[in-house]
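So the sequence shown is numbered by UniProt numbering: it starts at 1 and just counts up by one.
Note that beta-carbon positions come from the ideal geometry of N, C-alpha and C, so glycine has one too.
Being a predicted model, the structure only gives us computed values, none of them experimental.
Heads up, the thing below is written out as structure tokens.
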Amino acid sequence: MAGGRTLGTEAGWSRSAEPTPRWRALLERARHGRASEQILVDDDDRPVRRAPEFDDDRPVRRAPEFDELEPDGRPSLRWQPTPAPAPEPDGADRAAAVIRADLGGPRVLAFANPKGGVHKTTATALAAATAGSVRGRGVIAWDDNELRGTLGLRAGSARHARTIRHLLADLAQLEIHDGIQLRARLDDYLKHASDGTYDVLAGEEDPRFAQKLDPYIVRRVLEVLCRTHDVVCVDTGNNVESPNWRTVIQSADQLVVTTVPREDAAFTADWMLDLLEEAGLGRMVKNAVTLLSCPTPTRSPLLDDLAAHFRNRTRAVAVVPYDPQLESGSNIDYAMLHPATKWAWLRATATILEPFAR
Ligand SMILES: Nc1ncnc2c1ncn2[C@@H]1O[C@H](COP(=O)(O)OP(=O)(O)O)[C@@H](O)[C@H]1O
Ligand SMILES: [Mg+2]
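Listed below in structure tokens is the structure:
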């Protein structure tokens, strides 16, 4: 466990956000370039020596020039996302087979990082879009942001304005149903992705509503979603102090640490993992998948070091590229993404679901 003062307002769920020596070493290395051998520190912050995990000779992609974007902002054919995924024979088929597999029951995937702007909402939608486009049905994205969640705006059709608030109001009448009837009734509260590949349960605009999402209610909502869907992707929002956030994390089958390759974002993700370990969720941390999502077309100098760091702490790291289609923050249209973005998401989603595939 990394060092750091525990504030302890509630045992295990509150800790200082001071960078540890382990974290400082990682940033120093990224800032000043690599020495011939990497200096890392162990869980007790003692320096350890280990071989580099990455091949430093990998080609670095250049940023797109202005003339590589079409007038409407779409990439021209010459534009390539960064980092470019390595070609893998049969890789797409294998990834699709994992995503399509029997998952041994409904699976809740929690996308988390308490920092805003680290691509959580986008990642939740894209994981749902990828799983939905492969599985064909039974995938939902729940915007569990307590404050002005944007998933409903970015991913759902405007067929109605119902949100989690409306669902809660009618939850008891809904829960008594089963099978097709339950699915049909729940559908009144859901939006659909424009291509119909996944459903969206939108969050509530009114911040006063957040206090209604106590652990009992959140578990009931997850239970209904799991009775009607096989893959439940939850955008967990930014408030680690809320009972809602904690309940979703504790109920999740898979934690997906979502971050961009920036110091503040990745540090907050790392801090969250310490917090979860202190709360007794060490196994969840070890089994987590870290998504490193690129916010710019240029390769971050931190990317490789952060990937190595989170590969040490979590089960796997998946890097997903910048895509100009996603930058505007408007409607997420899976079909319009660059093929390399779709491919990266196929691999990332397969990595996330792999432990469950039978
Ligand atoms: N892969 C990407 N490429 C380019 N821009 C992106 C990508 N993913 C997200 N973005 C941009 O980053 C912004 C913040 O992402 P968002 O998912 O809303 O973060 P969070 O939910 O963590 O606050 C989005 O509005 C979008 O403009
Ligand atoms: Mg968000």
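Among A123, P324, Q173 and Q254, which has the Cα closest to the Cα of A107? The question names Ala, but residue 107 in the sequence shown is Arg. Considering only alpha carbons, the answer is Q254.
Here's the rule I'm using: 16 or more other beta-carbon atoms within 10 Å means buried, otherwise exposed. How should R347 be labelled? Its Cβ being crowded by 16 or more others within 10 Å, R347 is buried.
Within 8 Å, strictly: CB atoms of D144 and G203: Using a Cβ distance threshold of 8 Å, D144 and G203 count as a contacting pair.
What's the C-alpha gap between W345 and D187? In a straight line, the C-alpha of W345 is about 26 Å away from that of D187.
Using a threshold of 8 Å, state whether the C-beta atoms of G136 and V231 are closer than that. Not in contact: G136 and V231 (Cβ atoms no closer than 8 Å).
Report the three-state DSSP secondary structure of C233 (helix, strand or coil). Collapsing the DSSP output to three states places C233 in a strand.
Per DSSP, cross-strand counterpart(s) of D143: D143 pairs with D235.
Does ligand 2 have a heavy atom nearer than 7 Å to the CB of D102? Not one heavy atom of ligand 2 sits closer than 7 Å to the Cβ of D102.
Taking the alpha-carbon positions, what's the R219 to S251 distance? C-alpha separation (whole angstroms): 8 Å.
Own chain partners of A127 with C-beta closer than 6 Å, once the 5 adjacent residues on each side are dropped: Beyond the five residues adjoining it in sequence on each side, A127 comes within less than 6 Å, by CB distance, of C233 and T349 in the same chain, given in chain order.
With a threshold of 16 other CB atoms inside 10 Å of the CB of S242, please say whether the residue is buried or exposed. It is buried - the Cβ of S242 has at least 16 other Cβ atoms within 10 Å.
Touching by the beta-carbon criterion (3+ pairs, under 8 Å), the region 113-128 and the region 207-214: Contact between the region 113-128 and the region 207-214 is absent, because fewer than three Cβ pairs lie under 8 Å.
Looking only at DSSP bridge pairs, what is H192 linked to? Beta-bridge pairing links H192 to D199.
Segment contact flag, the region 156-167 with the region 110-124, C-beta cutoff 8 Å, min 3 pairs: With a cut-off of 8 Å, the region 110-124 and the region 156-167 do not count as touching, because too few Cβ pairs lie within range.
For ligand 1, list every residue whose C-beta falls under 5 Å from any of its heavy atoms, going in chain order. Having a Cβ closer than 5 Å to some heavy atom of ligand 1 are G116, G117, V118, H119, K120, T121, T122, Y322, D323, L326, E327 and G329.
Compute the beta-carbon to beta-carbon distance between G149 and D235, rounded to the nearest angstrom, for a pair I have assumed lies under 8 Å. Between G149 and D235, the beta carbon gap of about 7 Å places them in contact (Cβ cut-off 8 Å).
Does DSSP put T258 in a helix, a strand or coil? Three-state result, T258: strand.
Nearest-angstrom Cα distance between G280 and V257? Looking at the two C-alpha atoms, the distance is approximately 17 Å.
Please classify K120: is it buried, with 16 or more other beta-carbons within 10 angstroms of its beta-carbon, or exposed? Classification for K120: buried.
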